[in-house]
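A.B. asks: Once you've had a glance at the structure underneath, I'll fire off some questions.
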Amino acid sequence: VGVLGPWGCDPVLARALPDVASRLAVARLNRDPALTAGYWWDSVVMSEPCSTPQAVAGVVSAERYAGAIVGPLNPAACGAAGLLAAAWNKPLVSWTCGAAGAAGGAAVTLLRPLPAPAAVLHAVLRYFRWAHVAVVAAPQDLWVDTGQEVARELRARGLPVTVVTVAGEEEEEAEEALRRVQRADGVRVVLMCMHSVLLGGREQKVLLEKAEDLGMTDGTFVFIPYDALTFALPYRRVPYPVLANNTKLRLAYDAVLTVTIDSPDASFHEALEEAKKAYEVPAGLDPAEV
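Rendered as structure tokens:
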């Protein structure tokens, strides 16, 4: 199984430790006769290039290394990845590949392990009767393409997405993006396609602090982190120092609505700690740093 992702593109993605995670997954898989079906499973981590054109081209090399692919993370590579996987008759397991990955008959071997983020967002927005959405993405290709794709999928579901813009780590960029949101008619929700500030995302920190400065966190706007839709963000009795040590950010975070995957049996940190005790992952691994 090839695990394809842009692991070398930024420090937050590097902390995902795909090699440790994939080894843990196949080790547990190989111990379960009900799942192995007589096969012995192994994994190989493959690096997805950071730029979109190279990420698309990089999918081609996966055929030589793997009988199945987990990834890619960049939705702009999904169309090519889906078609290639269908031509190779190899499963493509991706939580980011929605309509683009299933286009042109590519859905034959495409498997979605999670509900589509756009579908979850649509359900949440419909429940609260929030229609108008703005999308603000970090400047890296991965997030720009993610923002554009989720905007397309929300529009296809009938939601007006009136602003799709980019904001980096500079305060001026964040202010310009937020001013566009303010000028747009009727925007209620700001979807942040960038790394969560709780995980060290610099762009989201600057964006939320600037939103506090502009008076946008008083309930007028709701800020939703996109990335938390794709994994189980720990939320029970978990201290996040970035909020504890920053009054402005803590005030701004009152306007953030986090939608994430529930993990009722154990949080991510608890599950990783249990794996450490069972010697399934390196003993020196600090769950809080992953």
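Quick note: the sequence shown uses my numbering, first residue 257, plus one each step. All residues carry an ideal CB built from backbone N, CA and C; glycine is no exception.
1. Name the one or two DSSP bridge partners that Leu367 has.
2. Decide if Ala337 is buried, meaning its Cβ has at least 16 other Cβ atoms within 10 Å, or exposed.
3. Is it buried or exposed for Tyr383, if we count other Cβ within 10 angstroms and need 16 for buried?
4. Quick check on Ala390: does DSSP put it in helix, strand or coil?
5. Within a Cβ cutoff of 7 Å, which residues of the same chain sit near Trp297, ignoring the five residues on either side of it in sequence?
6. Hey, Lys466 and Ala430: beta-carbon distance below 8 Å or not?
7. So, under 8 Å CB-CB, Phe479 and Leu464 are touching, yes? Tell me the CB distance rounded to an integer number of Å.
8. Any chance you could list the alpha helix (DSSP H) runs of at least 4 consecutive residues sitting entirely within the segment 441-522, in chain order?
9. Please state whether DSSP places Leu280 in a helix, a strand or coil.
10. State the Cα-Cα distance for the pair Leu563 and Asn345, rounded to the nearest angstrom.
11. Does the pairing of the segment 491-499 with the segment 383-392 give three or more beta-carbon distances under 8 Å?
12. Is the beta carbon of Pro274 closer than 8 Å to that of Cys306?
13. Quick check: Ala433 and Val420, are their CB atoms within less than 8 Å of each other?
14. Please state whether DSSP places Val400 in a helix, a strand or coil.
15. Quick one: measure Cβ to Cβ for Pro490 and His525, integer angstroms, because I've assumed they're closer than 8 Å.
16. Please determine whether the Cβ atom of Val326 lies at a distance below 7 Å from any heavy atom of the ligand GDP.
17. Would Asp401 and Pro309 be called neighbours here (beta carbons separated by less than 8 Å)?
18. Looking at the strands, I want to know which residues DSSP matches up with Leu260.
19. Quick check on Val546: does DSSP put it in helix, strand or coil?
20. Suppose contacts are defined by Cβ-Cβ distances below 8 Å. Is Ser278 in contact with Val301 by that definition?
C.D. replies: Taking the definition as stated:
1. Taking the sequence shown and counting its residues from 1, the one referred to as residue 367 is at position 111. BP columns for Leu367 point to Val349.
2. Numbered from its first residue, the sequence shown carries residue 337 at position 81. Ala337 comes out buried.
3. Against the sequence shown, residue 383 aligns to sequence position 127. By the neighbour-count rule (16 or more Cβ atoms within 10 Å), Tyr383 is not buried but exposed.
4. Stepping through the sequence shown from its first residue, residue 390 is reached at position 134. DSSP places Ala390 in strand when its eight states are reduced to three.
5. Position 41 of the sequence shown, counted from the first residue, corresponds to residue 297. Val257, Val282, Leu285, Asn286.
6. On the sequence shown, position 210 is the one that residue 466 refers to. On the sequence shown, position 174 is the one that residue 430 refers to. Yes.
7. Stepping through the sequence shown from its first residue, residue 479 is reached at position 223. Stepping through the sequence shown from its first residue, residue 464 is reached at position 208. Rounded, the Cβ-Cβ distance is 7 Å, consistent with contact.
8. 458-469, 497-500, 503-508
9. The residue labelled residue 280 in the question sits at position 24 within the sequence shown. Helix at Leu280.
10. Outside the displayed range of the chain (257 to 546) lies residue 563, so it cannot be described from this structure.
11. no
12. Against the sequence shown, residue 306 aligns to sequence position 50. Against the sequence shown, residue 274 aligns to sequence position 18. No; because the gap between Cβ atoms is not below 8 Å, this pair is not in contact.
13. Translated into positions along the sequence shown, residue 433 becomes position 177. Translated into positions along the sequence shown, residue 420 becomes position 164. No; because the gap between Cβ atoms is not below 8 Å, this pair is not in contact.
14. Here residue 400 is taken as the residue at index 144 of the sequence shown, counted from 1. Three-state DSSP puts Val400 in a helix.
15. Sequence index remark: in the sequence shown, residue 490 carries index 234 (1-based). Sequence index remark: in the sequence shown, residue 525 carries index 269 (1-based). About 5 Å separates the two Cβ atoms, so the contact holds.
16. Summarising the ligand content, the structure contains no ligands, and the ligand GDP is consequently not present.
17. Here the question's residue 401 lines up with position 145 in the sequence shown. Here the question's residue 309 lines up with position 53 in the sequence shown. Not closer than 8 Å, so no.
18. Along the sequence shown, read from residue 1 onward, the residue named residue 260 stands at position 4. The partner list for Leu260 (beta bridge, DSSP) reads Met302.
19. For the purposes of this step, residue 546 is taken as residue 290 along the sequence shown, with counting starting at 1. In the structure shown, Val546 sits in coil (DSSP, three-state: anything other than H, G, I, E or B).
20. Along the sequence shown, one-based indexing puts residue 278 at 22. Along the sequence shown, one-based indexing puts residue 301 at 45. Yes, the pair counts as a contact, with Cβ atoms nearer than the cut-off.
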